[in-house]
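Here the sequence shown is numbered in the working numbering, starting from 168 and rising by one per residue.
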Amino acid sequence: MKEKQALLFDLDNTLMDRDYTFRSFSTRFVKDFLGHLPEEEALRVVEDMIVRDADGYRDKDGFFAELSEVLPWRTPVSAADIRVYYDTNYFSHGAAMKDAAEILDYCRERGYILGLVTNGKKDLQDGKIDLLGLRGYFKTIVISGEAGISKPDPAIYKLALERMGTSAEQTLFIGDHPVNDIWGAGKAGMDTVWLKRNHPWDESLDMQPWRTINELAELREII
């Protein structure tokens, strides 16, 4: 691997612990809307929401419409009302991934230029970033909802590189999703580090990550 000058990070389930965040949100949602359920049934509904969410890769409108139809409401709640509740409350449940701040401090102290690329609505992703206190670490933050391009389209990575002022060869990408992060960044010409979370590696992909890690702290050993 050529010497790197910059590091480009994913947000959800890389720097933000989305597993914790969505579980916390779902638990609050069930308490607020389904408080009539016995505790065991409420826990079952939380687990069901987590499965239906598919780690955030469901179309949100479809997901909310499904919840409106299948959850055991006492008073029915529309998909539009669920959307409003989600947009208003979700980001407040955000929690940083273990060692995220320490690793970003370490990378900055080592002199790396840092950037962030994330899919999602601008206001929602901005809310997460600010809640976690991450904004000051990055020279650029590219959000798909603002850029009009989504991962894994290599163009969104190239936009981030342009704003960072570095080439693909000078930049290392770190993310959790085999396709949206590792394949997309690889197609844009970057070496990649795969943070293993919920998604198994897709053996049909025509590239491999440069390194695989289980915890962010392991970046200290390879950069």
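The beta-carbon is built from N, C-alpha and C at its ideal position, and this holds for glycine as well.
| Check | Outcome |
| --- | --- |
| Cβ distance (whole Å) where K289 is taken to contact E269 below 8 Å | With 8 Å as the limit, K289 and E269 do not qualify as a contact, their Cβ atoms being about 28 Å apart. |
| Local conformation of R307 per DSSP, three classes | According to the sequence as given, residue 307 is Thr; it is not Arg. T307: strand per DSSP, three-state reduction. |
| The segment 257 to 265 contacting the segment 276 to 284, beta-carbon criterion three pairs below 8 Å | no |
| 4-residue-minimum alpha helix (DSSP H) runs that sit fully inside the segment 271 to 302, ordered along the chain | 289 to 298 |
| 4-residue-minimum alpha helix (DSSP H) runs that sit fully inside the segment 214 to 280, ordered along the chain | 227 to 237, 246 to 256, 267 to 276 |
| Inter-residue Cα distance where the pair is E329 and Y273 | 24 Å |
| Test item: CB-CB of R275 and Y304 under 8 Å | yes |
| D373, DSSP secondary structure in three states | coil |
| Residue range of the unbroken alpha helix (DSSP H) whose run includes A327 | 321 to 331 |
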